[in-house]
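Protein chains: 2
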Amino acid sequence: MEIAIVGLGLIGGSVCKALKKNTFHHIMGLDADGEVCRKALDSGAIDEIITADGLNDADMTMLCLYPETIVEFVRQHKDKFKPGSIVTDSCGVKEYVVTRCTEVLEPLGVIFVGSHPMAGREFSGFDYSTDDLFKGASYIITPSENTPKMAIDLLSTLACCMGFGKVVTATPKQHDINIAFTSQLAHVVSNAYVKSPSLFNADGFSAGSFMDLTRVAKLNEYMWSSLFLCNKEALLFELNTIIDNLCEYRDAIGDDDIERLRDILRDGRERKEKSNELYAEHARRKV
Amino acid sequence: MEIAIVGLGLIGGSVCKALKKNTFHHIMGLDADGEVCRKALDSGAIDEIITADGLNDADMTMLCLYPETIVEFVRQHKDKFKPGSIVTDSCGVKEYVVTRCTEVLEPLGVIFVGSHPMAGREFSGFDYSTDDLFKGASYIITPSENTPKMAIDLLSTLACCMGFGKVVTATPKQHDINIAFTSQLAHVVSNAYVKSPSLFNADGFSAGSFMDLTRVAKLNEYMWSSLFLCNKEALLFELNTIIDNLCEYRDAIGDDDIERLRDILRDGRERKEKSNELYAEHARRKV
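The listed protein sequences derive, respectively, from chains A and B.
Quick note on the UniProt record's numbering: the first sequence kicks off at 1 and runs consecutively.
Quick note on the UniProt record's numbering: the second sequence kicks off at 1 and runs consecutively.
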C-alpha cells in the first residue's frame, strides 16, 4: 500500500520510522524543508520524496502538521488526493480540523478521518523522531457518521503496526472535551506553575511532586498556542473550573478552616482513587 | 549512641529501619499505638519499646509526628529529654515547630534542631515504611543562630547513614517559603486538578502529562491540612500567584490573542529550562 506522510517533524518522522520498521508499505514523504526530506530519505525513514502531485498515488495520507496548516494544505491541494483514498491527520484538536477538511474532501470522494496519536516528547523536529515513540500509547480515531467502517479498521490496524497500545474512538467533540482536560490543561497548569518568584530560590527543595507538576512546562509555544485556540471553549471551561477550585482551597486556608480544608482534600483524594480504578479498568478492556 | 524515635508511622518507621540497617546505634521506639510498637520490635526495626520516661536515655530524639502533635508532645514531656541531647523532628513545616519547641527546650539545655526528610509515599503507616525510603532524597536541616555546629554535623552524618543523597541547610522561614512552592502547592494543584466533571469521562485519553499532574492528588488529608495551615502565609502567596497566572492564560485564550498566549507560554518554557539548569547545577554541587 502507498502511504504519504505530510510533515516530517517529531510525529510525522516517527510515523514513517515505525511504519518502515514494522510494515512493508511504500512510504512517501513530503515536507516544506528540503533538507528534512533528504535526511528522511537517507536515513531510510521514507522510500521516496514526493511533491503534492505525488499524493495522487497514495492510498492513505497522514497530515502531521499544526491544525491551521492541515486545513490550509487540504484546501490548497484538495484536487491532488486520490478519490476513494483515506486522509487522516495527527494533530491534537479534532473538531476544528475534521469539520473543515471533511467539508472540502467529502464532495471529492476522499475520506477524511481525524486521528490523534497521543504521544510526544519535550523536543520537536525530525531529528528527535523514533520508531518506538508510540509504544503503548493511545491512538484516538474520531470518525463521523459517514466514515466507512473499513477506514476505521484500516487505521486501527496501522496503529497496531506503529506500536500503539490501544485504539479509542470518539466523536471529534468528545475528543476535544477530553483532551482539554487530560492534556491541554496539564500543559497550561504546568507552564503557570513555574511562574512563581520562588522558582529560582528553591533549588535543593525540589522533590518528585515538583518535578511531576512542572515537567511539561517545557513546551513548544507555537504548537500549543495553536492547539489551545482551536479548542478554546473546552479549554476555557477547564481553566475556569480549576481556577474556581483553587480559590476554594485558598479561601479555606485563609479562613483557617481546617474542617473545610480536609473535606476539600478528601474529596480530591477520593476522586483520584475512583478515577484510577476506572482508568485501570479501561486499560484492561483495551477497546 | 541511643536514639529515640517518637511516632512509628511511614517516616518514623523508615528512619528506624534505615538506622538499624546502616548503623549499630541502639534504637528506641515510642508510639501511641501499642500494636505498632510491638510490630516494630518484632520486625527488628527497633531494639526497645520505651515510654516518655525512656527519653532521658536518648542522646538524640526524632519526633516523627504532625506539627501540632510535635509541639504538644514537647510541651507535655519537656522534662523527660536529657539535657545536652539533640531533639529533632521530621515534619514538613519548620518555623511553626522550631519556634515553639526551641522556646520550651532551650531553657532546659536541650538542643532542638528542625529537620525535614523530603520523602514520602502515597501510603501512610508503619506497614509501608522501608529501610530505603530516603535513598537519594534531600534532608533539610533548619538550624537557628544558637545551634551548635556539631549538632548539624551529627544530623547530616546520620542522614548519610539513612541513605539521603544530600543535605541542605536553610532557616526555618526560608524552608517554609521554598516548600510552599515545591511541595505544598503541588499537592493543592494536583488535588484541584481532578475536580473537573471531565474526570470520569476521559478514560482512554490520559497520557503522561495527566498522570504527572494528578499523581499526588491522592494525599493524606489529615497530614496535609495540618501542614498547609501551619504554613499559611507562604502557601497563600503561592496559591494567589498561580491563580493570577492561570487567569492570564485564560484571558489570552478568551481574547483569541495568539501573540500574547505565545509570549506567556514562551516565558514559562524559558523559566522551566533555566531552573532545570540551576537545579541540576545544585545537584552536582551536593551541599
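Every residue, glycine too, gets a C-beta built ideally from N, C-alpha and C.
Short Cβ contact (8 Å threshold) for residue i with residue j
i	j	result
Cys91/B	Gly12/B	no
Cys161/A	Leu19/A	yes
Arg112/A	Val98/A	With the sequence shown as reference, residue 112/A is identified as Phe, and Arg is not the correct amino acid for it. Yes.
Lys232/B	Ile264/A	no
Ala217/A	Lys272/B	yes
residue 347/A	Tyr96/A	Because chain A is modelled from 1 through 287, residue 347/A falls outside the range shown and cannot be assessed.
Arg250/A	Ile243/B	yes
Thr61/A	Val36/A	no
Gly268/B	Ala45/A	no
Leu213/A	Ala186/B	yes
Ile50/B	Ala4/B	yes
Asp203/B	Leu278/A	yes
Ala207/B	Met223/A	no
Leu10/B	Phe123/B	yes
Asp47/A	Met28/A	yes
Lys21/B	Ser129/B	no
Ser225/A	Arg262/B	yes
residue 298/A	Pro83/A	Any question about residue 298/A goes unanswered here, given that chain A covers just 1 to 287.
Nearest neighbour of residue i, chosen from the options [CA to CA]
i	options	result
Asp89/A	Ile140/A, Ala170/A, Gly165/A	Ile140/A
Thr69/B	Glu259/B, Ala40/B, Arg100/B, Asn56/B	Arg100/B
Thr182/B	Val110/B, Leu235/B, Ser156/B	Leu235/B
Gly34/A	Thr61/A, Phe126/A, Glu95/A, Leu108/A	Phe126/A
Thr102/A	Ala119/A, Arg121/A, Tyr193/A, Phe81/A	Phe81/A
Gly120/B	Asn220/B, Ile243/B, Ala58/B, Asn240/B	Asn220/B
Ile179/A	Phe205/A, Lys135/A, Thr157/A, Phe237/A	Phe237/A
Thr157/A	Lys173/A, Ser198/A, Glu145/A, Ser138/A	Ser138/A
Lys39/A	Asn22/A, Leu8/A, His25/A	Leu8/A
Lys195/A	Ala32/B, Arg266/B, Thr23/B	Arg266/B
Leu229/B	Leu229/A, Ile258/A, Asn245/A	Ile258/A
His25/A	Thr147/A, Met1/A, Leu41/A, Ser43/A	Met1/A
Asn201/A	Leu155/B, Glu106/B, Ala151/B, Asn276/B	Asn276/B
CB contact below 8 Å: residue i versus chain B
i	result
Ser275/A	yes
Leu246/A	yes
His26/A	no
Asp256/A	yes
Tyr249/A	yes
Asn191/A	yes
Tyr279/A	yes
Ile242/A	yes
Leu265/A	yes
Ile253/A	yes
Helix, strand or coil at residue i according to DSSP, with G and I counted as helix
i	result
Ser124/A	coil
Leu8/A	coil
Lys166/A	strand
Asp89/A	strand
Thr171/A	coil
Val194/A	coil
His25/A	coil
Pro107/A	helix
Val287/A	The predicted model places Val287/A with a pLDDT of 46, which falls under 50 and marks its position as unreliable; any figure quoted below should be read in that light. Coil, per DSSP.
Thr69/A	helix
Ser138/A	strand
Ile253/B	helix
Leu30/A	strand
Ser129/A	coil
Phe200/B	helix
Leu219/B	coil
Thr61/A	strand
Cβ of residue i within 8 Å of any chain E Cβ
i	result
Met118/A	Although the question refers to chain E, the structure presented lacks it and instead comprises the protein chains A and B.
Residue i at chain A interface by Cβ criterion, 8 Å
i	result
Arg100/B	no
Gly268/B	yes
Lys94/B	no
Ala186/B	yes
Thr142/B	no
Arg262/B	yes
Val287/B	Reliability fails at Val287/B, whose pLDDT of 46 lies under 50, so the model's placement of it is uncertain and no value is given.
Ile49/B	no
Arg121/B	no
Arg284/B	no
Residues within the stretch 166-184 of chain A neighbouring chain B, beta-carbon criterion of under 7 Å: Listed by position, the residues of the stretch 166-184 of chain A near chain B (Cβ gap below 7 Å) are Val168, Ile177, Asn178, Ile179, Phe181, Thr182, Ser183.
Interface positions of the stretch 195-212 of chain A facing chain B (Cβ-Cβ less than 7 Å), listed along the chain: Lys195, Ser196, Ser198, Leu199, Phe200, Asn201, Ala202, Asp203, Gly204, Phe205, Ser206, Ala207, Ser209, Phe210, Asp212: these are the residues of the stretch 195-212 of chain A whose beta carbon lies less than 7 Å from some beta carbon of chain B, given in chain order.
Members of the stretch 148-164 of chain B near chain A, C-beta cut-off 8 Å: Of all residues in the stretch 148-164 of chain B, none has a Cβ within less than 8 Å of some Cβ in chain A.
Chain B contacts from the stretch 68-84 of chain A (Cβ-Cβ distance under 7 Å): Answer in chain order: no residues at all.
Residues from the stretch 123-138 of chain A in contact with chain B, defined by Cβ distance under 9 Å: Listed in sequence order: Ala137, Ser138.
Cβ-based contacts, 9 Å cut-off: residues of the stretch 11-38 of chain B near chain A: So nothing in the stretch comes that close.
Short-range partners of chain A found in the stretch 213-230 of chain B, where Cβ spacing is below 9 Å: Residues of the stretch 213-230 of chain B whose Cβ lies closer than 9 Å to any Cβ of chain A, in chain order: Leu213, Thr214, Arg215, Val216, Ala217, Lys218, Leu219, Asn220, Glu221, Tyr222, Trp224, Ser225, Ser226, Phe228, Leu229.
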